[in-house]
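A.B. asks: Sharing a structure below in structure tokens format, with a few things to ask.
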Amino acid sequence: MSQEIDVALVHVTKKFGDLIAVNDVSFEIPKGSFFSILGPSGSGKTTLLRMIAGFEKPTSGDIYIGGQRVNDVPPNKRPCNMVFQRLALFPMMNVLDNVTFGLRRRGGISKAEMERRAKDALARVGLEGLEKRKIHQLSGGQQQRVALARSLVLEPTVLLLDEPLGSLDLKLRQSMKLELKHLQARTGTTFVYITHDQTIALAMSDTVAVINHGRIEQIAPPEELYRQPATHFVASFVGENNKLTNGKVVAFRQGGGVDVEIGGIRMAGRAGENLAVGDRVDLFIRPEMITLRPGRHDDGIVGKVSEINFDGSHSLVIVDLLESDRPLSLNVKVQHTENAPDVKVGEVVTLSWRWDAANAFHPVAQPRTEAEGLP
Amino acid sequence: MKTLARNRGQWVLLTFMLLWIGLLFVLPHLKLFYLSFVSRRGGEFTLANYLYFFHSPLYRKIFVRTAVFSTLVTLLTLVISFPVAFIITKVAGKHLKAMLLLAIILPYWVSELIQAFTWMVFFRETGVLSYLLRAIGLTHHNIEFLYHDSTIAVGLVYTSLLFMTIPIINSLDTLDDSLIEAAYDLGGNFWSTLREIIIPHAAPGMMVGSIMVFMLNLGNYVTVTLLGGKNSLWFTEIIYNQFIIRFNQNKGSAFSVILLTFSVLFVWIVLKITKQDLSEAM
Amino acid sequence: MFRQKGLSLSKALFYAYAILVLIFTLGPLVIVTILAFNNNPSASFPWQGFTLDWFKASTPGRVGFFDDARMISAVIVSLKVAVLVTLISVALGVNNAFLFVRYKFIGQNFLYLLMLGPLVVPGVVLGTSILAFSYGIANGLDKIFGAGAGTFLRPGFWLVVAGQVSFVATTTTLVIVARLKRFDPALEEAAMDLGSSRLEAVWLITLRFLAPAMIGAAIIAFLFSFENFNTTYFLSGSDPTMPILLYSRLRFGITPEINAVSVLLMMVTGVLGFLAFAFQKDDAA
């Protein structure tokens, strides 16, 4: 079964003067999927989205929407609509006029029909009965919904979302996050969502593209992204991670694993990229993937609890390694389940993890700063 | 394609802007400058138009008088306006505040000409002041109060009030009331608080107001000629005389350039001394 | 701290001062208003009974404002000038606002300072410079195209309009720039995203957003133009505007009719001023 592709970027590059904002990016977004572009600020993700929307033109490369090359199609003629970061609702119009704005531009639709479609779209986002309200009379969450309805009413092939949840407070963001996902599932519209907030990207997306310095680092479903990061950047950017530096590959294991020596201790990990014995590496270990047992055991790494931070459903335990030749410590997330180990500060514990829960990468030079401060 | 459209838009806007500022401001002033350096007949380069001014004791006197008079009126306006601004921002309740604001804005709305006219009605020989003085028996015949320097000063202060008060209000508005209270709390009295807290905070507004008022006084025409009559001896009047009565555009231009140079220089020096920015000040 | 209840000495002094200021600023306006209805041909006190003659009368020796043909024609000239100046200045204001807010170019700061110039230069100097400049061009046109070709650049209606636009446009620009700076350009992009062309987006969204500022600027422009004396004085010809006519009459003496004119002016400009104020306030909201 071949998947239909809604958006395709082919070797797209965008330069602003000497600055390369987007560097040779290619990907395909299947129809009806929720696709996120995740990256820190200045990574080029906004430029990428604005090129899909038509507000910027690629310096080189091609953009296809619904199979058609749209490089020279102005934004008002593209079958995609955008939900803006600051929403960009028209303050001088009421809710209904905002939602019907796009329909009015199309023409050929009766007033009653426009109103019917607008009300339908508003109902879909849960905003019945607020048609006559002014924008400034709405709460942040309601404004969010109006912005969604304003775009969805046009039944776009692709809906572009420029981090619209960023301005909401945490609680509202959590609930909108789920709603957005449900909305996407219901409408079947392709969503392209850009964000710097990995929790949003992981929770909502079918596929996440991680972008840094204008380059795509990895495109994968959230779980794969989390468990098997493809690059050093993805490992350090996505999710919490212990990062142990200055390791050295000493041996290979079966199935793509490596043994790494860090501070005189041998640790297991997955080779995130092509490694050779003797290579210098950094090792990333998820805090929740580490098993902590009280007491000293032979089949693990021995350490001493130096700090315990209670955090509701779990505690973050900081363990100083006892057998390393330089000070090293690991953060361990201990879930508060029935049989959770009961440890105290100062106690000796043993840490262990499955080899494929850790990832080893060559260390990278400090990030270049060329793409900083982009719109 | 879009970049091109953007640039085309910019060029259109720039063209209109330049047509306006060029034809109605820059070129006229260049012409004024040019005329002031050429002779009336023949049109060759000359400094005679300026020398005429510097050699004439009367014109020099008028110029100095205009500058000194403007300065004094500016100071007077500052002294009168400061308490008004202070009352509006820190003392008055809602109603008095609105009333005072209206009272300083209303005269401005009815135009400078009407302002001067109302004072003529008040000060002239058969005017309201004369009538009042006779009515209470202080005098038995009409007195002409018009055409005195003090009358001109009243008229100028009246037209200047708004331009001084509003900038001071703006700077006092940003002064936190708790700062004044803290000063009292720390043992200050009204005068020390005024000197050490309030006036330093209001200084930028006072400066902007003073510059505007000084410029307006220097360039004033209608108030001084109506209230001062033949005794006004204001510099703008001799510009008018040269241009319109004597039809000597070259001398008139020289006088205009002198006035302009003086006021621009004045503003520039004040801004330099106080380290303020013109576009910010406005 | 001065707003606390109770009466202290300093508070009493402040209130006394406030009352003096009110008398000083409003007193003259009140006097003129009373005299406009005083049946005393000397345009002064004592009170000799109520009359509307100074507004409407055409007996020998008593001409009311509405029956004073020269006055009425001057008002019409002023209105024509003001309407033209308002339209041109608001259009220029929008033009300049877009130029200064939406674009960045070399020399922009210098141009902005230059734009403030007409506000800083004394009105008299502005008037003389435009007079001198147009005089030269008019002479040139006469020479090339024959006598009369440059007449529209000689003192008169069109020169008054030009002279007033030179400084009124600065004011309208400042008012409209202030509002455009608060406009989020993403709104325009949103309109384009929803199917508008660029010009449609500007027309439907940006200009709608600027409307309160444009109306406010228009009222201010109208007031400035209608009341202007200093610049206009040098540029008006045989068809004077109302302030010029009033001024020339005042030099010969005061008539009760001028009181009546003042009252009418106060009413009209008062209302316009309030409107401008209201729109500015709305603008700030």
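Protein chains in written order, with the numbering used here: chain A, 67 to 441; chain B, 614 to 895; chain C, 802 to 1086.
Where is the CB? At the ideal position from N, CA and C, for every residue including glycine.
Looking at the strands, I want to know which residues DSSP matches up with arginine 281(A).
C.D. replies: As a first step, residue 281(A) is located in the first sequence; it is residue number 215 there, counting from the start. Answer is Asn278(A).
A.B. asks: Which bits of chain C does glutamate 657(B) rub up against, with CB to CB less than 9 angstroms?
C.D. replies: One-based indexing of the second sequence puts residue 657(B) at position 44. Correct list: empty, because the minimum Cβ distance to chain C is about 16 angstroms.
A.B. asks: In the DSSP assignment, find the unbroken beta strand (DSSP E) run with proline 360(A) in it and report its ends.
C.D. replies: Along the first sequence, read from residue 1 onward, the residue named residue 360(A) stands at position 294. From DSSP, the beta strand (DSSP E) with proline 360(A) extends over 357-360.
A.B. asks: Flag this pair as yes or no: are the beta carbons of glycine 832(B) and valine 926(C) separated by less than 9 angstroms?
C.D. replies: Sequence index remark: in the second sequence, residue 832(B) carries index 219 (1-based). Sequence index remark: in the third sequence, residue 926(C) carries index 125 (1-based). Cβ distance < 9 angstroms, so glycine 832(B) and valine 926(C) count as in contact.
A.B. asks: Just list the residues that DSSP pairs histidine 754(B) with in beta bridges.
C.D. replies: Position 141 of the second sequence holds residue 754(B). In DSSP, histidine 754(B) forms no bridge with anything.
A.B. asks: Please classify glutamate 757(B) as buried or exposed, where buried requires at least 16 neighbouring CB atoms within 10 angstroms.
C.D. replies: As a first step, residue 757(B) is located in the second sequence; it is residue number 144 there, counting from the start. Flag for glutamate 757(B) reads exposed.
A.B. asks: Hey, out of Thr852(C), Ser874(C), Ile889(C), Leu827(C), whose CA is closest to leucine 632(B)'s CA?
C.D. replies: As a first step, residue 632(B) must be located in the second sequence, where it is residue number 19. Among Thr852(C), Ser874(C), Ile889(C), Leu827(C), the Cα nearest to that of leucine 632(B) belongs to Ile889(C).
A.B. asks: Between Val136(A), Asp391(A), Leu104(A), Gly105(A), which lies nearest to alanine 119(A) when the distance is taken from Cα to Cα?
C.D. replies: Stepping through the first sequence from its first residue, residue 119(A) is reached at position 53. When each option's Cα is compared against that of alanine 119(A), the closest is Val136(A).
A.B. asks: Of the residues Gln203(A), Pro157(A), Leu249(A), which one's Cα is nearest the Cα of methionine 270(A)?
C.D. replies: The residue labelled residue 270(A) in the question sits at position 204 within the first sequence. For the residues Gln203(A), Pro157(A), Leu249(A), the minimum Cα distance to methionine 270(A) belongs to Leu249(A).
A.B. asks: Answer with yes or no whether the minimum CB distance from serine 811(C) to chain B is below 9 angstroms.
C.D. replies: Numbered from 1 along the third sequence, position 10 holds the residue referred to as residue 811(C). For serine 811(C), the answer is yes, since a Cβ of chain B falls inside 9 angstroms of its Cβ.
A.B. asks: Give the residues from the stretch 660-679 of chain B that approach chain C closer than 9 angstroms (Cβ to any Cβ), ordered along the chain.
C.D. replies: Answer in chain order: no residues at all.
A.B. asks: Assuming leucine 927(C) is part of the beta strand (DSSP E), what are its boundary residues?
C.D. replies: Here residue 927(C) refers to the residue found at position 126 of the third sequence. Segment 924-946 is the alpha helix (DSSP H) holding leucine 927(C); no beta strand (DSSP E) there.
A.B. asks: Whole angstroms are fine: how far does the CA of glutamine 623(B) sit from the CA of leucine 617(B)?
C.D. replies: Position 4 of the second sequence, counted from the first residue, corresponds to residue 617(B). Position 10 of the second sequence, counted from the first residue, corresponds to residue 623(B). For leucine 617(B), the predicted structure reports a pLDDT of 44, less than 50, and the residue's modelled location is therefore unreliable. The matter cannot be settled from this model.
A.B. asks: Is isoleucine 368(A) helix, strand or coil by DSSP?
C.D. replies: Within the first sequence, residue 368(A) is the residue found at index 302, counting from 1. First, the amino acid is wrong: residue 368(A) is valine here, not isoleucine. Here valine 368(A) sits in strand by DSSP.
A.B. asks: Can you name, in chain order, every residue of its own chain whose Cβ lies under 7 angstroms from the Cβ of phenylalanine 1025(C), other than the five neighbours on each side?
C.D. replies: Locating residue 1025(C) in the third sequence gives position 224, counting from the first residue. So the list reads Val969, Thr972, once near-sequence residues are dropped.
A.B. asks: For the beta strand (DSSP E) containing alanine 334(A), list its first residue and its last residue.
C.D. replies: Here the question's residue 334(A) lines up with position 268 in the first sequence. Element bounds for alanine 334(A): 331-337.
A.B. asks: Classify tryptophan 1004(C): buried if its beta carbon has 16 or more other beta carbons within 10 angstroms, exposed otherwise.
C.D. replies: Translated into the one-based positions of the third sequence, residue 1004(C) becomes position 203. With fewer than 16 Cβ atoms within 10 Å of its Cβ, tryptophan 1004(C) is classed as exposed.
A.B. asks: Confirm, please, whether the CB-CB distance from glycine 322(A) to phenylalanine 427(A) is below 9 angstroms.
C.D. replies: Position 361 of the first sequence, counting from 1, holds the residue named residue 427(A). Position 256 of the first sequence, counting from 1, holds the residue named residue 322(A). Not a contact, by the Cβ cut-off of 9 angstroms.
A.B. asks: Since glycine 329(A) and aspartate 391(A) are thought to touch, with beta carbons under 8 angstroms apart, how far apart are those beta carbons, to the nearest angstrom?
C.D. replies: As a working mapping, residue 329(A) is identified with position 263 in the first sequence. As a working mapping, residue 391(A) is identified with position 325 in the first sequence. That belief holds up - the Cβ atoms of glycine 329(A) and aspartate 391(A) are roughly 5 angstroms apart, short of 8 angstroms.
A.B. asks: Taking the C-alpha atoms as reference points, what is the distance between threonine 112(A) and arginine 171(A)?
C.D. replies: Locating residue 112(A) in the first sequence gives position 46, counting from the first residue. Locating residue 171(A) in the first sequence gives position 105, counting from the first residue. About 26 angstroms.
A.B. asks: Under 7 angstroms between beta-carbons, which chain C residues line up against histidine 642(B)? List them in chain order, please.
C.D. replies: Within the second sequence, the letter at position 29 stands for residue 642(B). Those within 7 angstroms of histidine 642(B) in chain C are Ser930.
A.B. asks: Relative to the C-alpha of threonine 1032(C), which residue among Val767(B), Ser845(B), Tyr853(B) is closest?
C.D. replies: Stepping through the third sequence from its first residue, residue 1032(C) is reached at position 231. Checking every option, the nearest Cα to that of threonine 1032(C) belongs to Tyr853(B).
A.B. asks: Which word fits glutamate 306(A), buried or exposed, when buried means at least 16 other C-beta atoms lie within 10 angstroms of its C-beta?
C.D. replies: Indexing the first sequence from 1 puts residue 306(A) at position 240. Exposed: under 16 other Cβ atoms inside 10 Å.
A.B. asks: Cutting at 6 angstroms between CB atoms, please list the residues of its own chain near valine 316(A), excluding the five before and the five after it.
C.D. replies: As a working note, residue 316(A) is residue 250 in the first sequence. Closer than 6 angstroms at the Cβ level, and outside the excluded window around valine 316(A), lie Asp325, Glu327.
A.B. asks: By the criterion of Cβ-Cβ separation under 7 angstroms, what are the contact partners of alanine 991(C) in chain A?
C.D. replies: The residue labelled residue 991(C) in the question sits at position 190 within the third sequence. What alanine 991(C) touches in chain A: Phe150, Ala154.
A.B. asks: Do leucine 227(A) and threonine 256(A) have their beta-carbon atoms positioned less than 9 angstroms apart in this structure?
C.D. replies: The residue you call residue 256(A) lines up with position 190 of the first sequence. The residue you call residue 227(A) lines up with position 161 of the first sequence. Against a cut-off of 9 angstroms, the Cβ pair of leucine 227(A) and threonine 256(A) comes out as no contact.
A.B. asks: Would a check of beta-carbon distances place leucine 960(C) closer than 9 angstroms to chain A?
C.D. replies: Position 159 of the third sequence holds residue 960(C). Taking Cβ atoms only, chain A never reaches closer than 9 angstroms to leucine 960(C), which makes this a no.
A.B. asks: Using a cut-off of 8 angstroms between C-beta atoms, extract the partners of proline 141(A) located in chain C.
C.D. replies: The residue you call residue 141(A) lines up with position 75 of the first sequence. Those within 8 angstroms of proline 141(A) in chain C are Glu990, Met993, Asp994.
A.B. asks: How would you call tryptophan 804(B), buried or exposed, if buried means at least 16 neighbouring beta carbons within 10 angstroms?
C.D. replies: Along the second sequence, one-based indexing puts residue 804(B) at 191. Result: exposed.
A.B. asks: Work out the CA separation of lysine 399(A) and phenylalanine 318(A) for me, nearest whole Å.
C.D. replies: Residue numbering aside, residue 318(A) sits at position 252 when the first sequence is read from its first letter. Residue numbering aside, residue 399(A) sits at position 333 when the first sequence is read from its first letter. Cα-Cα distance, rounded: 28 angstroms.
A.B. asks: Looking only at its chain, what residues have a beta carbon closer than 8 angstroms to the beta carbon of aspartate 163(A), apart from the 5 residues adjacent to it on each side?
C.D. replies: For the purposes of this step, residue 163(A) is taken as the residue at position 97 of the first sequence. For aspartate 163(A), where only same-chain residues beyond five positions count, the Cβ hits under 8 angstroms are Phe156.
A.B. asks: Under three-state DSSP, which class holds aspartate 386(A)?
C.D. replies: In the first sequence, the residue the question calls residue 386(A) occupies position 320. Three-state DSSP puts aspartate 386(A) in a strand.
A.B. asks: Could you name the residues of the same chain whose beta carbon sits closer than 7 angstroms to that of glutamine 683(B), not counting the 5 residues immediately before and after it, in chain order?
C.D. replies: As a first step, residue 683(B) is located in the second sequence; it is residue number 70 there, counting from the start. Glutamine is not the amino acid found at residue 683(B); the sequence shown has serine there. Around serine 683(B): Phe827, Asn830, Leu831.
A.B. asks: Are alanine 215(A) and leucine 193(A) touching if we call contact CB-CB under 9 angstroms?
C.D. replies: Position 149 of the first sequence, counted from the start, is the residue given in the question as residue 215(A). Position 127 of the first sequence, counted from the start, is the residue given in the question as residue 193(A). Going by C-beta atoms, alanine 215(A) is nearer than 9 angstroms to leucine 193(A).
A.B. asks: Less than 6 angstroms between C-beta atoms, sequence neighbours within five positions excluded: which residues of the same chain meet that for leucine 268(A)?
C.D. replies: For this step, residue 268(A) is matched to residue 202 along the first sequence. So the qualifying residues of the chain are Pro288.
A.B. asks: Hey, would you say arginine 1052(C) sits closer than 9 angstroms to threonine 838(B), going by beta carbons?
C.D. replies: The residue given as residue 1052(C) occupies position 251 in the third sequence. The residue given as residue 838(B) occupies position 225 in the second sequence. Result yes, Cβ atoms of arginine 1052(C) and threonine 838(B) sit closer than 9 angstroms.
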